[in-house]
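Taken in order, these protein sequences are the chains called A and B.
Just so you know, we're using numbering that gives the first Met the number 0 here: the first sequence kicks off at 0 and counts up by one.
Just so you know, we're using numbering that gives the first Met the number 0 here: the second sequence kicks off at 0 and counts up by one.
Quick notes on the structure that follows.
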Amino acid sequence: MTLRLTKVLIVLCAGVLGACTTPDTPVEVFDPYEKTNRKVHNFNVGLDRALLRPTSTAYGVVVPRPVRTGVSNFANNIDTPRFMLNDLAQGNIVDAGHNFMRFLVNTTLGVGGIFDPATSFGLETRRTGFGETLHVWGTEEGAYIELPVFGPSNERDAIGTVVDFISNPLSATIDASDDWIPPTANVMDRLGDRYDFADTIDSLFDDSEDSYISARILYIQNRRFELGGNGGNAEFDPFAEFDDDPFAEFDEE
Amino acid sequence: MDRRQFIALTGAGALAFAAGPVAAQAAQAEQLVTAAVNDITRSINSGKSAAALYNDFETIFERYGDVGYSAQGVMGRPWREMSNQQRRAFADALKVYLSRKYGRRFREFQGAEINVMNTREIRRGTEVVTSVKLRGSAPFEVLFRVRDVNGQPRFYDLVIEGISLVVTERAEIGAKLDARRGDVDALIADLRAAA
């Protein structure tokens, strides 16, 4: 029975999560879907050029910074109950309490979340999501995946993104006629980010030899960092294969 | 002095001897990073032209960094097949390329506050943890990885929020090398030429 259960779990893991495989060497990235991923990447780059870049520029230029900050605060506040739910699922009572207090303070004193007085009380934003919950539950990141619109991800975090998208507990409490508000706030927040980090993002797309590879290596490293302890992965070690002295072998002296 | 005291004393001495070099290395690494950060901050806030800044950054790389060691990690496997001349040419070109690539963004770092927080021992030496605060954003963590080169501390990698400069540039340089069908000399020439 136990063996059977284990087998079922393994099949589930391999089939549904697909996230139980690990890369061969610590410097290489695990990207068996590169061909498909690259197609998605080209789509994302096209989307950025045609829509995101111009729209975010217009948004950034037309809408003054204080208003953009308000939108960003509002989007963050709407997401906070979801952070709290994930904190609880992760058994992180401290962060759950932190986010509960943050939501309380910003919804009341912060006028529905438009302002962020909580941060000045030491209740800074502590983002989390279902991807992190899966990580805490022991799911490995799996293969690299680039998602349409959402961008770089991996097998585990792709599931996280989908679950996050549909699982905001706040949606259950607001009127159906107001359903458009959370996603709209989120999109506007994204546009604001695209504007604020325009130089960084443009240089990634325009200056790197292969923006797919750049986005991939940046995402993997930063995501593991976010999860702490390198996300349970062996650290990339670009020096593992070399001697102490880079010129030793050929030194003429 | 009785036997027990003697053992305790020599024991403490041995411990101090063992801990000495590590503590000294940590202090040296911290001094190196502090000095490098001061130089960088001074350059960035000097109001110099971009071109003059790129020169400053190259000097900083030379003075405080182990460019050859970083270059080896950035190049990866092809390093083994490169001649010593190619290796030195690549290390030099990398220095120029990095100074321009990251130097170009210097305005974002004007008025930045960089504080050395603590150090920890790592496999190849010491990691100096700093906190960087840019205008209008929350502080973030930057690690300087420092190793000993003939008794002198030198940094060989920078890690910003988990993103290693050497790992990231290895991906980029690998892509550039692929685009040039593995021609290292063409890569070196292009790294130097890229404005």
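Backbone N, C-alpha and C define an ideal beta-carbon position, used for all residues, glycine too.
Check: Which whole-angstrom value is the C-beta distance of A/R81 and A/N167, which I expect to be below 8 angstroms?
Finding: Here residue 81 of chain A refers to the residue found at position 82 when the first sequence is read from its first residue. Here residue 167 of chain A refers to the residue found at position 168 when the first sequence is read from its first residue. About 5 angstroms; that satisfies the 8 angstroms criterion.
Margin query: Below 8 angstroms, how does it come out for the stretch 53 to 65 of chain A and the stretch 86 to 95 of chain A: are there three or more Cβ pairs, yes or no?
Written below: Touching, no, given that fewer than three Cβ pairs across the two stretches are closer than 8 angstroms.
Check: Just how far apart, CA to CA, sit A/Y143 and B/K47?
Finding: To locate residue 143 of chain A, count along the first sequence from 1; it is residue 144. To locate residue 47 of chain B, count along the second sequence from 1; it is residue 48. Rounded to the nearest angstrom, the two C-alpha atoms are 42 angstroms apart.
Check: From B/E160 to B/D184, what does the alpha carbon distance come to, in whole angstroms?
Finding: Here residue 160 of chain B refers to the residue found at position 161 of the second sequence. Here residue 184 of chain B refers to the residue found at position 185 of the second sequence. For the pair B/E160 and B/D184, the Cα-to-Cα distance works out to about 33 angstroms.
Margin query: I need the DSSP call for B/G72, collapsed to helix, strand or coil.
Written below: Working through the second sequence from its first residue, we reach residue 72 of chain B at position 73. DSSP, read as helix, strand or coil, puts B/G72 in helix.
Check: DSSP three-state call for B/L93: helix, strand or coil?
Finding: Locating residue 93 of chain B in the second sequence gives position 94, counting from the first residue. Secondary structure of B/L93 (DSSP, three-state): helix.
Next item on the list: Using a Cβ-Cβ cut-off of 8 angstroms, state whether B/A185 counts as contacting chain A.
Entry: On the second sequence, residue 185 of chain B is found 186 positions in, with the first residue counted as 1. Not closer than 8 angstroms to any Cβ of chain A, the Cβ of B/A185 fails to qualify, so no.
Next item on the list: Taking A/R215 and A/D47 to be in contact with their CB atoms under 8 angstroms, please state how far apart those CB atoms are, rounded to whole angstroms.
Entry: Residue mapping note: residue 215 of chain A aligns to position 216 of the first sequence, counting from 1. Residue mapping note: residue 47 of chain A aligns to position 48 of the first sequence, counting from 1. Contact flag wrong, Cβ pair sits at about 16 angstroms.
Next item on the list: Return the first residue and the last residue of the beta strand (DSSP E) that A/P80 is part of.
Entry: Sequence index remark: in the first sequence, residue 80 of chain A carries index 81 (1-based). From DSSP, A/P80 is part of no beta strand (DSSP E) but of the alpha helix (DSSP H) over 64 to 88.
Notebook entry, point to check: Can you check whether the CB of A/L226 is closer than 8 angstroms to the CB of A/H134?
Noted result: The count along the first sequence starts at 1 and reaches residue 134 of chain A at position 135. The count along the first sequence starts at 1 and reaches residue 226 of chain A at position 227. Yes. Within cutoff.
Notebook entry, point to check: Who are the near neighbours of A/M0 in its chain, counting only those whose CB is closer than 7 angstroms to its CB and skipping five residues on each side?
Noted result: As a working note, residue 0 of chain A is residue 1 in the first sequence. Its pLDDT being 38, under 50, A/M0 is placed unreliably by the model, and nothing is read from it.
Notebook entry, point to check: Shortest alpha-carbon distance to A/D243 belongs to which of B/D38, B/G72, B/E29, B/A137?
Noted result: Here residue 243 of chain A refers to the residue found at position 244 of the first sequence. Nearest to A/D243 by alpha-carbon distance, out of B/D38, B/G72, B/E29, B/A137, is B/G72.
Item checked: Alpha-carbon to alpha-carbon, B/S163 and A/T68 -> Position 69 of the first sequence, counting from 1, holds the residue named residue 68 of chain A. Position 164 of the second sequence, counting from 1, holds the residue named residue 163 of chain B. A/T68 and B/S163 have their C-alpha atoms roughly 30 angstroms apart.
Note to self: Can you give me the C-alpha to C-alpha distance between B/V158 and A/F102, rounded to a whole angstrom?
What the structure shows: Here residue 158 of chain B refers to the residue found at position 159 when the second sequence is read from its first residue. Here residue 102 of chain A refers to the residue found at position 103 when the first sequence is read from its first residue. The alpha-carbon atoms of B/V158 and A/F102 are separated by roughly 33 angstroms.
Next item on the list: Under 7 angstroms between beta-carbons, which chain B residues line up against A/E208? List them in chain order, please.
Entry: Counting from one through the first sequence, the residue named residue 208 of chain A turns up at place 209. Result: E171, A174, K175, A178.
Next item on the list: Find the residues of chain A that neighbour B/S45, judging by a C-beta separation of less than 8 angstroms, and give them in chain order.
Entry: Taking the second sequence and counting its residues from 1, one reaches residue 45 of chain B at position 46. Taking a Cβ-Cβ threshold of 8 angstroms, none of the residues of chain A is close to B/S45; the smallest such distance is about 21 angstroms.
Checklist line | Collapsed DSSP secondary structure at B/S163 in the structure displayed | finding: What you label residue 163 of chain B is simply residue 164 of the second sequence in a count that begins at 1. Three-state result, B/S163: strand.
Margin query: To the nearest angstrom, how far is the alpha carbon of B/V95 from that of A/R222?
Written below: Within the second sequence, residue 95 of chain B is the residue found at index 96, counting from 1. Within the first sequence, residue 222 of chain A is the residue found at index 223, counting from 1. Rounded to the nearest angstrom, the gap between the Cα atoms of B/V95 and A/R222 is 30 angstroms.
Next item on the list: Assign A/T138 to one of two classes, buried (16 or more other C-beta atoms within 10 Å of its C-beta) or exposed (fewer than that).
Entry: Position 139 of the first sequence, counting from 1, holds the residue named residue 138 of chain A. Burial call: buried.
Next item on the list: Please say whether A/G159 and A/N58 have beta carbons closer to each other than 8 angstroms?
Entry: For the purposes of this step, residue 58 of chain A is taken as the residue at position 59 of the first sequence. For the purposes of this step, residue 159 of chain A is taken as the residue at position 160 of the first sequence. Residue 58 of chain A is actually Tyr in this sequence, not Asn. The beta carbons of A/Y58 and A/G159 sit no closer together than 8 angstroms.
Note to self: So that I know if they touch, is there some Cβ in chain B lying closer than 8 angstroms to that of A/E72?
What the structure shows: Residue mapping note: residue 72 of chain A aligns to position 73 of the first sequence, counting from 1. Per the sequence shown, residue 72 of chain A should be read as Asn rather than Glu. When Cβ-Cβ separations below 8 angstroms define contact, A/N72 makes no contact with chain B.
Check: Does the stretch 122 to 132 of chain B touch the stretch 176 to 194 of chain A, meaning 3 or more C-beta pairs lie closer than 8 angstroms?
Finding: The way I'd put it, the stretch 176 to 194 of chain A doesn't touch the stretch 122 to 132 of chain B; fewer than three beta-carbon pairs between them come closer than 8 angstroms.
Checklist line | Beta-carbon neighbours of A/I216, restricted to chain B and to distances below 7 angstroms | finding: To locate residue 216 of chain A, count along the first sequence from 1; it is residue 217. The contact set of A/I216 on chain B, defined by CB atoms closer than 7 angstroms, consists of V166, T167, A170 in chain order.
Checklist line | CB of B/I43 within 8 angstroms of CB of B/F143, strictly | finding: Sequence index remark: in the second sequence, residue 43 of chain B carries index 44 (1-based). Sequence index remark: in the second sequence, residue 143 of chain B carries index 144 (1-based). Not closer than 8 angstroms, so no.
Next item on the list: Check whether the stretch 76 to 83 of chain B touches the stretch 172 to 183 of chain B, counting contact only when three or more Cβ pairs, one atom from each stretch, lie closer than 8 angstroms.
Entry: A contact exists between the stretch 76 to 83 of chain B and the stretch 172 to 183 of chain B.
Margin query: Would B/Y53 pass as an interface residue toward chain A - the criterion being a Cβ-Cβ separation below 8 angstroms?
Written below: Taking the first residue of the second sequence as 1, we reach residue 53 of chain B at position 54. Chain A contact via Cβ: absent.
Note to self: List, from N- to C-terminal side, the alpha helix (DSSP H) runs of 4 residues or more that fit wholly inside the stretch 169 to 241 of chain A.
What the structure shows: Annotation: the stretch 169 to 241 of chain A contains the following complete segments of the alpha helix (DSSP H) (minimum length 4 residues), in chain order: 180 to 195, 197 to 206, 210 to 225.
Notebook entry, point to check: A/S213 CB to nearest chain B CB: under 8 angstroms?
Noted result: Residue mapping note: residue 213 of chain A aligns to position 214 of the first sequence, counting from 1. It does; some Cβ of chain B falls within 8 angstroms.
Check: What does A/S119 pair with, by DSSP beta-bridge criteria?
Finding: Residue mapping note: residue 119 of chain A aligns to position 120 of the first sequence, counting from 1. DSSP, once it has assigned bridges, lists no residue as partnering A/S119.
Next item on the list: Starting from the beta carbon of B/N104, find every residue of chain A whose beta carbon is closer than 9 angstroms, and list them in chain order.
Entry: One-based indexing of the second sequence puts residue 104 of chain B at position 105. For clarity, residue 104 of chain B is Arg in the given sequence; the question names Asn instead. Within chain A, the residues D198, T199, S202 have their CB atoms less than 9 angstroms from the CB of B/R104, given in chain order.
Margin query: Closer than 7 angstroms between beta carbons: that is the criterion. Which residues of the stretch 126 to 138 of chain B meet it against chain A?
Written below: Answer in chain order: no residues at all.
Next item on the list: Kindly indicate if chain A contains any beta-carbon less than 8 angstroms away from that of B/G150.
Entry: Residue 150 of chain B sits at position 151 when you count from the first residue of the second sequence. Output row for B/G150: interface = no.
Check: Since A/P151 and B/R169 are thought to touch, with beta carbons under 8 angstroms apart, how far apart are those beta carbons, to the nearest angstrom?
Finding: Here residue 151 of chain A is taken as the residue at index 152 of the first sequence, counted from 1. Here residue 169 of chain B is taken as the residue at index 170 of the second sequence, counted from 1. 18 angstroms between Cβ atoms; not a contact.
Check: Of all the CB atoms in chain B, is at least one closer than 8 angstroms to the CB of A/F129?
Finding: By 1-based counting over the first sequence, the position of residue 129 of chain A is 130. With 8 angstroms as the cut-off, A/F129 does not count as an interface residue toward chain B.
Notebook entry, point to check: Listed in chain order, which residues of the stretch 91 to 119 of chain A have Cβ atoms closer than 8 angstroms to some Cβ of chain B?
Noted result: Correct list: empty, as no residue qualifies.
Checklist line | Buried or exposed by the 16-neighbour rule on C-beta atoms within 10 Å, applied to B/I121 | finding: Looking up residue 121 of chain B in the second sequence gives position 122. For B/I121, the number of other beta carbons within 10 angstroms of its own is below 16, and it is reported as exposed.
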